[in-house]
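Engineer:
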Amino acid sequence: MKPYLLCPNCGSDDIMRNGTTRRGKQNYKCRDCGRQFVEDPQWKPIDPDRKAMIDCLLLEKIPLAGIARVMNLSEDWLQRYVNRCYARVQQRGQVQPKAKGHLEVQMDELWSFVNNKGNKQWVWLALDVVTREIVGCYIGDRSAEAAMRLWQSMPAVYRQCAIVYSDYWEADAKVLPSKRHRAVGKESGLTSYIERFNNTLRQRVSRLVRKTLSFSKKLENHIGAIWYFIHHYNKQIRSELPSCL
6 MKPYLLCPNC GSDDIMRNGT TRRGKQNYKC RDCGRQFVED PQWKPIDPDR KAMIDCLLLE
66 KIPLAGIARV MNLSEDWLQR YVNRCYARVQ QRGQVQPKAK GHLEVQMDEL WSFVNNKGNK
126 QWVWLALDVV TREIVGCYIG DRSAEAAMRL WQSMPAVYRQ CAIVYSDYWE ADAKVLPSKR
186 HRAVGKESGL TSYIERFNNT LRQRVSRLVR KTLSFSKKLE NHIGAIWYFI HHYNKQIRSE
246 LPSCL
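Under the numbering used here, the first residue of the sequence shown carries the number 6, and numbering increases by one thereafter.
In structure tokens, the structure reads:
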């Protein structure tokens, strides 16, 4: 027995041989605490700093396979980590509180798909014109029900007060209050901010690129990835807003 071999659990040097692993490596067992281990294991815990770096890389247009290569991780472990990460993401926008008054919102829909292009998933978005925060989001089909889900995802103050600009999609007219809804064309420039954010999403979330091999295979992860970026985007926006707003 090697004199320097210590139990990774309790630090004891009372170690005995205990057969081999399925990969043929010598297995050891601690006589004091019963912990089994191998010398110089291939698997090692991912430290918090590496996990923080992974969290940052998920906000860039890098496929999971690319992150696994850069961080020297197995794709299987990374996929499980991402699944847990996206499952925890809150599907409700966090925005700076607004007082009742004059508010303006721009709405638009972004085409995407999950698993194959026949499974269309439209990303419905609502953006505050003044602060540029994303104040509402829903991922689903392009029906009036989806438009209603977007409307309901917005904070109450916007549903009570905001003037809403959107394109001429018929579902909007069925759901939005007629007195505060303005259907406009792109040439008006009144939906330019939300259209610019759509471009930002496609540039930063690899699964939203139109021609890509990084498309989502699970709807839950598709939704989680979009909300993950929206929370990051809104956090950056809030940090730049003056306190008087």
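Here a beta-carbon is modelled for each residue, glycine too, at the ideal position from N, C-alpha and C.
1. Can Y238 and Y91 be called in contact, C-beta distance under 8 Å?
2. State the Cα-Cα distance for the pair S197 and K56, rounded to the nearest angstrom.
3. Can the beta-carbon of V180 be found less than 8 Å from the beta-carbon of V140?
4. Just reading off the beta strand (DSSP E) that V43 is part of, what are its end residues?
5. Mind checking who T25 pairs with in its DSSP beta bridge?
6. Which of the three DSSP states, helix, strand or coil, is assigned to G194?
7. Please state if the CB of E150 and the CB of V128 are separated by a distance shorter than 8 Å.
8. Please report the distance separating the alpha-carbon of M6 from that of R22.
9. Which residue wins for smallest C-alpha separation from R209, given the options L63, C15, G39, E192?
10. So, for V94: in the same chain, excluding its five sequence neighbours on each side, which residues have a beta-carbon less than 6 Å away from its beta-carbon?
11. In the segment 116 to 158, which residue ranges form an unbroken alpha helix (DSSP H) of at least 4 residues, counting only runs that do not cross its ends?
12. Which partner residues does Y170 have in the DSSP bridge list?
13. Roughly how many whole angstroms lie between the Cα atoms of V2 and R164?
14. Would DSSP call S221 helix, strand or coil?
15. May I ask you to report which of helix, strand or coil DSSP gives I20?
16. If you pair each beta-carbon of the segment 94 to 109 with each one of the segment 78 to 85, do three or more pairs fall below 8 Å?
17. Give a yes or no on contact between the segment 184 to 192 and the segment 160 to 176, applying the rule of three or more CB pairs nearer than 8 Å.
18. Pull up the distance between the alpha-carbon of V87 and that of H236, whole angstroms please.
19. Just mark S117 as buried or exposed, buried being the case when its beta carbon has 16 or more other beta carbons within 10 Å.
20. Mapping the DSSP letters down to three states, classify R243 as helix, strand or coil.
Structural biologist: For this structure:
1. no
2. 36 Å
3. no
4. 41 to 43
5. Q31
6. Coil at G194, not helix or strand.
7. no
8. Low per-residue confidence applies at M6: pLDDT is 46, beneath 50, and the placement is therefore not dependable, though the value from the model is reported in the following sentence. Whole-angstrom Cα-Cα distance: 8 Å.
9. L63
10. G229, W232, Y233
11. For the segment 116 to 158, whole alpha helix (DSSP H) runs of length 4 or above, ordered along the chain, are 149 to 158.
12. Q111, R187
13. Residue 2 lies beyond the residue range present for the chain, which begins at 6 and ends at 250; the question has no answer from this structure.
14. Strand, per DSSP.
15. strand
16. No contact exists between the segment 94 to 109 and the segment 78 to 85.
17. yes
18. 16 Å
19. With 16 or more other Cβ atoms within 10 Å, it is buried.
20. DSSP places R243 within a helical segment (H, G or I) once states are collapsed to three.
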